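Comments concern the structure below.
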Amino acid sequence: MSDCLYCQHIQKKTNMLFENEHVFAMLSPQPAIPGHVLVLPKAHAPILEVVPDFVVGDLFKVANKISMALFEAFGAQGTNMLVQSGPVAGQKQNHAMLHIIPRAEGDGVDLSWTPKQASEEELTKSEGTINDATKNVGSFEREKPKPKEVEAPKEVQKEDPRVKFLRRIP
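Mapping to my numbering: the sequence shown position 132 is 132, numbers consecutive.
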């Protein structure tokens, strides 16, 4: 999508840290803290929920490797992996992404909220609602197999049996 800022970053390979067929990782242009990394699907998707399952799997595999690298490179004491789907969840750009933020004690990044106490009735109701909504989820999407290139048969030259016999003689 040409008007998407992050599609443009992917095309220009801006601040690129990693790239494969489906995933692009880059330093955040507006980091919460130094080392803040964004892992994005290369194909435009406005929210994570519309990204094909096999790409979501790749996103999280790449995020896991980058998170490990942030521990090493920045001496991080922890990392936050954050997905914001929709404006109400804090999403600012119209491109799905996974934020990886290296953390250290006293770093000034605040992602906390005050947990609420749910009643047993609320938990049971939520469980039923979610279970009903996920009954028709079905199987996970898989990447369509790519056609394999068939090589032309190689011409096999048969060795003269007499030469083969002579090679066996000590």
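Positions of the beta carbon are idealized from the N, C-alpha and C atoms, including for glycine. Every value quoted in this text rests on a predicted model; they were computed, and no experiment measured them.
Buried or exposed by the 16-neighbour rule on C-beta atoms within 10 Å, applied to residue i
| i | result |
| --- | --- |
| LEU123 | exposed |
| VAL23 | buried |
| PRO41 | buried |
| VAL50 | exposed |
| ILE130 | exposed |
| LEU166 | exposed |
Any C-beta of chain C under 8 Å from that of residue i
| i | result |
| --- | --- |
| PRO161 | As a matter of chain content, chain C is missing from the structure shown, which is built from one protein chain. |
Candidates the options: closest to residue i by CA position
| i | options | result |
| --- | --- | --- |
| CYS7 | LEU38, PRO31, ILE33 | LEU38 |
| GLU21 | VAL56, PRO29, PRO31 | VAL56 |
| PRO52 | PHE140, SER85, PRO87, LYS146 | PHE140 |
| THR79 | GLY90, HIS95, LEU111, GLN91 | LEU111 |
| HIS36 | ASP107, LEU5, VAL88, GLY128 | ASP107 |
| LEU59 | PRO46, MET97, PRO34 | MET97 |
| LEU199 | ILE33, PRO34, ALA43 | Any property of residue 199 remains undetermined from this structure, which presents the chain solely from 1 to 170. |
For residue i, the residue or residues it bridges with in DSSP
| i | result |
| --- | --- |
| GLY78 | ARG103 |
| MET26 | MET16, LEU38 |
| VAL50 | Beta-bridge pairing links VAL50 to no other residue. |
| LEU98 | VAL39, VAL83 |
Cα-Cα separation between residue i and residue j, rounded to whole angstroms
| i | j | result |
| --- | --- | --- |
| PHE136 | LEU48 | The sequence shown places Asn at residue 136, rather than the Phe named in the question. Rounded to whole angstroms, ASN136 to LEU48 spans 19 Å at the Cα level. |
| ASP3 | THR14 | 16 Å |
| LYS116 | LYS148 | 54 Å |
| ALA89 | LYS146 | 36 Å |
| PRO102 | ALA152 | 51 Å |
| ILE66 | THR114 | 29 Å |
| LEU27 | LEU17 | 7 Å |
| ASN180 | LYS158 | With the chain covering only 1 through 170, there is no way to say anything about residue 180. |
| ILE10 | ASP160 | 58 Å |
| GLN30 | PHE54 | 28 Å |
| GLU143 | LYS164 | 48 Å |
| PRO34 | HIS99 | 13 Å |
| LEU70 | LYS154 | 49 Å |
| SER126 | THR134 | 12 Å |
| ALA118 | LYS12 | 47 Å |
Residue interval of the alpha helix (DSSP H) (run including residue i)
| i | result |
| --- | --- |
| GLU120 | 120-134 |
Any non-hydrogen atom of the ligand NAD within 7 Å of residue i CB
| i | result |
| --- | --- |
| ILE130 | This structure lacks the ligand NAD; in fact it carries no ligand of any kind. |
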